[in-house]
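Engineer:
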Amino acid sequence: MKHSKIIECKKTHAVTWKDKDDMWCKLTTELNSQNKGPPRTMKSLKTKYDSFKKELRKTAARQKLELFKTGGGSSYKDIIYTPNEENILGIISLSVEVDVMMIMIKVSAFLITIIFYNTFFALFV
Numbered sequence: 407m408k409h410s411k412i413i414e415c416k417k418t419h420a421v422t423w424k425d426k427d428d429m430w431c432k433l434t435t436e437l438n439s440q441n442k443g444p445p446r447t448m449k450s451l452k453t454k455y456d457s458f459k460k461e462l463r464k465t466a467a468r469q470k471l472e473l474f475k476t477g478g479g480s481s482y483k484d485i486i487y488t489p490n491e492e493n494i495l496g497i498i499s500l501s502v503e504v505d506v507m508m509i510m511i512k513v514s515a516f517l518i519t520i521i522f523y524n525t526f527f528a529l530f531v
């Protein structure tokens with residue numbers, strides 16, 4: 407998805423909100439100009455996208471659960487994703503991986519700080 411960086415941005419300030427609204431408005435206009443079905447509102451598209459992501463996350467979690475149930479071997483419930491689902495899953499996975507990396511960096515920095523202070527104060531005891 408070419409607009410995923412804007413739509414999936416985790417920042418929560420006014421500029422980001424405006425960029426997201428502008429992008430959703432642009433996507434709504436593009437979709438409605440294709441004349442495939444009744445016109446959709448920006449709100450309905452956002453809701454559909456969010457529910458699609460939610461269901462895709464559930465499906466991926468179920469697949470991962472089945473993988474671990476088999477001890478890491480092949481699962482009898484292999485799920486075949488459509489190209490669109492694979493694209494969205496890639497976007498979701500990337501955003502989760504970035505969040506996890508940021509948490510790990512913050513925890514590492516915190517632990518390094520604690521080690522530094524413990525070492526520093528041990529010199530004076």
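Taking our numbering, the leading residue of the sequence shown gets 407, the next gets one more, and so forth.
We put the CB at the ideal spot given by N, CA and C, even for glycine.
Residue range of the alpha helix (DSSP H) that Thr435 falls in?
Structural biologist: Along the sequence shown, read from residue 1 onward, the residue named residue 435 stands at position 29. 420 to 439 is the extent of the alpha helix (DSSP H) around Thr435.
Engineer: Could you tell me whether the Cβ atoms of Ile498 and Arg463 are closer together than 8 Å?
Structural biologist: Taking the sequence shown and counting its residues from 1, the one referred to as residue 498 is at position 92. Taking the sequence shown and counting its residues from 1, the one referred to as residue 463 is at position 57. Contact: yes.
Engineer: If you draw a straight line from the alpha carbon of Trp553 to that of Thr422, how long is it in whole angstroms?
Structural biologist: Nothing about residue 553 can be reported from this structure: the residues present for the chain run from 407 to 531 only.
Engineer: Out of Lys454, Ser457, Tyr487, Tyr455, point me to the one whose CA is closest to Gln469's CA.
Structural biologist: Along the sequence shown, one-based indexing puts residue 469 at 63. The shortest C-alpha separation from Gln469 is found at Tyr487.
Engineer: Can you name the start and end residues of the alpha helix (DSSP H) that Ile412 belongs to?
Structural biologist: Residue numbering aside, residue 412 sits at position 6 when the sequence shown is read from its first letter. Counting along the chain, the alpha helix (DSSP H) containing Ile412 begins and ends at 410 to 413.
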